[in-house]
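According to this note's numbering, the sequence shown is numbered sequentially starting from 1. Heads up, the beta-carbon is just placed ideally off N, CA and C, and yes, glycines get one too. The model shown is predicted, which means the values in this text are computed figures rather than measured ones. Notes to accompany the following structure.
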Amino acid sequence: MVELTILGNYGPYATAQGACSGYIINTDGFQIMLDCGHGVFSKLQKYADYASLGILVITHLHPDHYGDIYCLRQALKYQMREGKRKEPLYVYLPEGPHPLLDEVKNWDDVFTVISLEDAMKTVNDFNLFQLRFFRVQHQLPAYGVQFQRNGQPVLTYTGDTGWFPELAGLCAGSRYLLAEASLREYEVAERGANHMSARQAAQLAQSAGAENLILTHFFPENNLHQQQREAEQNYDGKIYMSGTGKKYILEP
Ligand SMILES: [Zn+2]
Ligand SMILES: [Zn+2]
């Protein structure tokens, strides 16, 4: 079984009960974490077993996607000292522009770092599943992630991105599309280079032929009912509004 758990779904800051970007894919007990933004580590302890995390992917170096890696590092360090964890965590992250990469490389007691610039050149095959990374359009180097089983796209996560013509092809055929919907519609003209609205996320899901759309990365002031309506008007598939603690069976 492959299950997706939402740990946090806000950006660039979270609500009182929420957290910024953080998602767990659990595939037959192997856990892949996508992003580790502000507030995510406390949710991680509630909804998953962090001591057994296998892979962490940081899609880009904005704090709402990596801020809690500092908590995670400390927690893993003590888990290893206590003998509850033996192996370092594989961390995929961009090479810049923040010096975070150097910091994380220095934490080689708990992390083994892999550059997304290198990883995007190939399909990363872990036998049970494959990970494919692709560049998206954002203020700084940013990546989307596709989780595949037997080479078939199961989940594609856009990370933070504006809409661009190639994006539908990169997400094509995915059973689930986890797409950012940061913007209110009237903001698209000004900020659409770096983020999408719910309408754009829905149009992306439609043109990519995705069977299910999960909207995420909400600005806390957004009206989620309105965003859902805007998405429904532009997409024939099933729409889910993400929320902390929500789980989705990606593959039975
Ligand atoms: Zn963000
Ligand atoms: Zn960002």
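Residue i CB to nearest heavy atom of ligand 1 below 6 Å
i: ASP125; result: no
i: GLY11; result: yes
i: HIS62; result: yes
Residues bridged to residue i [DSSP beta-bridge criterion]
i: LYS238; result: ASN212
i: HIS60; result: ALA142
i: LYS247; result: THR5
i: GLY22; result: GLY8, CYS36
i: ARG149; result: GLN152
i: GLU253; result: Because residue 253 is not part of the residues shown, which for the chain are 1 to 252, the question remains open.
i: LEU53; result: GLN31
i: ASN124; result: LEU131
i: TYR157; result: VAL145, LEU178
i: SER197; result: LEU183
Assumed close pair residue i, residue j - CB separation to whole angstroms, cut-off 8 Å
i: LEU61; j: PRO94; result: 6 Å
i: VAL154; j: ARG175; result: 5 Å
i: ILE58; j: HIS65; result: 6 Å
i: ALA208; j: ALA172; result: 5 Å
i: GLY169; j: ALA210; result: Wrong, their Cβ atoms sit about 12 Å apart, outside the cutoff.
i: LEU178; j: TYR13; result: Actually they are not in contact, since the Cβ atoms of LEU178 and TYR13 sit about 20 Å apart, beyond 8 Å.
i: GLY37; j: GLY8; result: 6 Å
i: ILE114; j: TYR92; result: 5 Å
i: ASN194; j: GLN139; result: 5 Å
i: VAL104; j: LEU89; result: Going by Cβ atoms, the distance from VAL104 to LEU89 rounds to 10 Å, so no, they are not a contact pair.
i: THR216; j: SER197; result: Wrong, their Cβ atoms sit about 13 Å apart, outside the cutoff.
Any non-hydrogen atom of ligand 2 closer than 6 Å to residue i Cβ
i: ASP160; result: yes
i: VAL38; result: First, the amino acid is wrong: residue 38 is His here, not Val. No.
i: HIS217; result: no
Beta strand (DSSP E) runs wholly inside the segment 66–117, at least 3 long, in chain order:
89–93, 111–115
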